[in-house]
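Chains as they are written, first to last, in this note's numbering: chain E, 1 to 166; chain X, 1001 to 1263.
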């Protein structure tokens, strides 16, 4: 049984691992998640019509949620993003990134999945809803809460801050 | 500090590119094997469920006077249902007990990987939360040979080797862990070889096996030491190939704030 499965794995494995890493935050766990998802996809391969991505993504998201519920996690992410110094300072910029990464780790598995699928995978919210298996309204609600916790303001457009010597 | 959506996109993109040790590679064979195993499990469970229904039906018939001759069939059906039960792989303990002089504490399981084959190297990557990180390997066959290799404080390789039931594993403390232990994901390499693997023959061929001063010949202790040499493992692995055999490795650690850094 193949019908393009090997080709799909060859083409998509790295991307799937990266997406899984953003959920699990551990490369070993990410590879395990992807292997689990692809093994299940292999079983259902002939029944999958069209693009297998949504099916595989859904397995990864659901499997990660179930692992997250039952595993002890040594990581204790901050509940909120701490205030930082001058945003133009290079060290402060690194701190900001670390704080944002830490805050992503504090999100629930579902909120994290919505963030990763929308902002990393570039999926529309309708596609995200299909993958995580809930309504579009629920996804919008999850996204709004997640962005609030991350202190990401979707109304602010990107502007490049000029780095000036202090 | 307020972020923009672009900040978020950039962070996610950058984070996935920071992996040490190269990009993860796809193991199609392992994926397909796992798929086949899942299918076997589902079929076995479905068969077990059907048999359980048959047992229940037969049991119900047995309480009726006209159905008493069916008792023997009920027992037979029960036996088949039991035989269809799927065995789980080796279980890892939830905690790892550490004794450091007068100090005793337990490490909690933070990461585990289960494998279905032996004979080839497996790399396990994990993110330690403290310098007190331990690991343990368990096998379906307690006489299987296990070798673990990790990086020590000076960057040199170290590890353990022996039969699986001889508590193969170990733990770091703040004196033995490399200085970058908490700065990036760490990895452990594990080889598991079948109990009847020709370790002695390969060790004698490669090294002559004169390893331990107390061993007069290439006994099991000397064979264990020979397995720490890469050329012995490589030849053994090439000779055996990948074979079925279940085992698991667990990584244990303390909560992040519990351990001070190295001196």
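Don't be surprised by glycine CBs; every beta carbon is placed ideally from N, CA and C.
Legend entry - Where residue 1169 of chain X meets chain E, residues with beta-carbon distance less than 9 Å: Neighbours of residue 1169 of chain X across chain E, judged by C-beta separation under 9 Å, do not exist; the nearest C-beta is about 17 Å away.
Legend entry - C-alpha gap between residue 1135 of chain X and residue 126 of chain E, whole angstroms: Whole-angstrom Cα-Cα distance: 43 Å.
Legend entry - Local conformation of residue 67 of chain E per DSSP, three classes: Correct three-state label for residue 67 of chain E: helix.
Inset, instruction - Compare the C-alpha of residue 1026 of chain X against each of E/128, E/101, E/36 and E/96 and name the closest. - result: Sorting E/128, E/101, E/36 and E/96 by C-alpha distance to the C-alpha of residue 1026 of chain X places E/36 at the top.
Inset, instruction - Out of X/1133, X/1091, X/1192 and X/1217, point me to the one whose CA is closest to residue 1106 of chain X's CA. - result: Closest option to residue 1106 of chain X, judged by alpha-carbon separation, among X/1133, X/1091, X/1192 and X/1217: X/1133.
Inset, instruction - Measure from the C-beta of residue 1250 of chain X to each C-beta in chain E and report whether the shortest distance is under 8 Å. - result: It does not; no Cβ of chain E falls within 8 Å.
Legend entry - Continuous alpha helix (DSSP H) stretch holding residue 1338 of chain X: start and end: No answer is possible for residue 1338 of chain X: it lies beyond the span of chain X, which begins at 1001 and ends at 1263.
Legend entry - Short CB-CB distance (under 8 Å) between residue 1007 of chain X and chain E: Output row for residue 1007 of chain X: interface = yes.
Legend entry - C-alpha gap between residue 145 of chain E and residue 1234 of chain X, whole angstroms: Going by the C-alpha atoms only, they are around 52 Å apart.
Legend entry - Own chain partners of residue 49 of chain E with C-beta closer than 6 Å, once the 5 adjacent residues on each side are dropped: Once the five neighbours on either side are set aside, residue 49 of chain E has no close Cβ partner at all.
Inset, instruction - Determine whether the Cβ of residue 134 of chain E lies closer than 8 Å to any Cβ atom of chain B. - result: The structure shown contains no chain B; its protein chains are E and X.
Legend entry - For residue 1187 of chain X and residue 1255 of chain X, the rounded distance between their alpha carbons: Whole-angstrom Cα-Cα distance: 19 Å.
Legend entry - CB contact below 8 Å: residue 1015 of chain X versus chain E: Closer than 8 Å to some Cβ of chain E, the Cβ of residue 1015 of chain X qualifies, so yes.
Legend entry - Three-state secondary structure assigned by DSSP to residue 1139 of chain X: Under the three-state reduction of DSSP output, residue 1139 of chain X falls in the strand class.
Legend entry - Coil, strand or helix - residue 1163 of chain X by DSSP: The three-state reading of DSSP puts residue 1163 of chain X in strand, counting E and B together.
Legend entry - Within chain X, partners of residue 101 of chain E - CB distance below 8 Å: Chain X residues near residue 101 of chain E: 1011 and 1015.
Legend entry - Residues in the stretch 1128-1162 of chain X having any Cβ partner in chain E nearer than 9 Å: Among the residues of the stretch 1128-1162 of chain X, those with a Cβ less than 9 Å away from any Cβ of chain E are 1128, 1129 and 1130, in the order of the chain.
Legend entry - Nearest-angstrom Cβ-Cβ length linking residue 42 of chain E and residue 1249 of chain X, presumed shorter than 8 Å: Not confirmed; about 25 Å, so no contact.
Inset, instruction - Keeping to the same chain, check which residues put their C-beta closer than 7 Å to that of residue 1245 of chain X; ignore five residues upstream and five downstream. - result: Excluding residues within five positions, the ones whose Cβ falls inside 7 Å are 1117, 1118, 1140, 1141, 1144, 1192 and 1194.
Inset, instruction - Alpha carbon to alpha carbon, how far is residue 1103 of chain X from residue 1237 of chain X? Give it in angstroms, no decimals. - result: Spanning the two alpha carbons is a distance of roughly 40 Å.
Inset, instruction - Answer with buried or exposed for residue 1099 of chain X, where buried requires no fewer than 16 other C-beta atoms within 10 angstroms of its C-beta. - result: Under this definition residue 1099 of chain X is an exposed residue.
Legend entry - Residues of its chain near residue 8 of chain E, where Cβ-Cβ distance is below 7 Å and the 5 sequence neighbours each way are ignored: Once the five neighbours on either side are set aside, the close Cβ partners of residue 8 of chain E are 52.
Legend entry - Exposed unless 16 or more other CB atoms sit within 10 angstroms - verdict on residue 1239 of chain X: Residue 1239 of chain X should be labelled exposed.
Inset, instruction - Return the first residue and the last residue of the beta strand (DSSP E) that residue 1110 of chain X is part of. - result: For residue 1110 of chain X, the enclosing beta strand (DSSP E) begins and ends at 1103-1118.
Inset, instruction - Please list, in chain order, all residues of the same chain as residue 1224 of chain X whose beta carbon is under 6 Å from its beta carbon, the five residues on each side excluded. - result: Hits under 6 Å: 1161 and 1162.
Inset, instruction - Examine chain E for any beta-carbon lying closer than 8 Å to the beta-carbon of residue 1028 of chain X, and answer yes or no. - result: It does; some Cβ of chain E falls within 8 Å.
Inset, instruction - Please compile the residues from chain E whose C-beta is within a distance smaller than 9 Å of the C-beta of residue 1172 of chain X. - result: Chain E residues near residue 1172 of chain X: none, gap ~14 Å exceeds 9 Å.
Legend entry - residue 1197 of chain X, enclosing beta strand (DSSP E) - first and last residue: Note, residue 1197 of chain X: premise wrong, no beta strand (DSSP E); not H, not E.
Legend entry - Of the listed residues E/135, E/136, E/149 and E/65, nearest to residue 22 of chain E (C-alpha basis): Considering only alpha carbons, the answer is E/65.
Legend entry - Per-residue DSSP class, three states only, for residue 1224 of chain X: Three-state result, residue 1224 of chain X: helix.
Legend entry - Rounded distance between the beta-carbons of residue 1146 of chain X and residue 1164 of chain X, thought under 8 Å: About 5 Å separates the two Cβ atoms, so the contact holds.
Legend entry - Interface partners of residue 7 of chain E on chain X, CB under 8 Å: Residues of chain X passing the Cβ test: none, with the nearest at roughly 10 Å.
Inset, instruction - Take residue 104 of chain E as the anchor and find which of X/1015, X/1030, X/1180 and X/1024 has the nearest alpha-carbon. - result: Comparing Cα-Cα distances from residue 104 of chain E to each of X/1015, X/1030, X/1180 and X/1024, the minimum goes to X/1015.
Inset, instruction - Give me the Cα-Cα distance between residue 1181 of chain X and residue 1204 of chain X, rounded to the nearest whole angstrom. - result: Cα to Cα, the separation comes out at about 36 Å.
Legend entry - Cut-off 7 Å between Cβ atoms - residues of its own chain near residue 945 of chain X, not counting five sequence neighbours on either side: What the structure shows of chain X is the stretch from 1001 to 1263, and residue 945 of chain X is not part of that stretch, so it cannot be assessed.
Inset, instruction - Please name the residue or residues paired with residue 1125 of chain X in a DSSP beta bridge. - result: According to DSSP, residue 1125 of chain X shares a beta bridge with X/1187.
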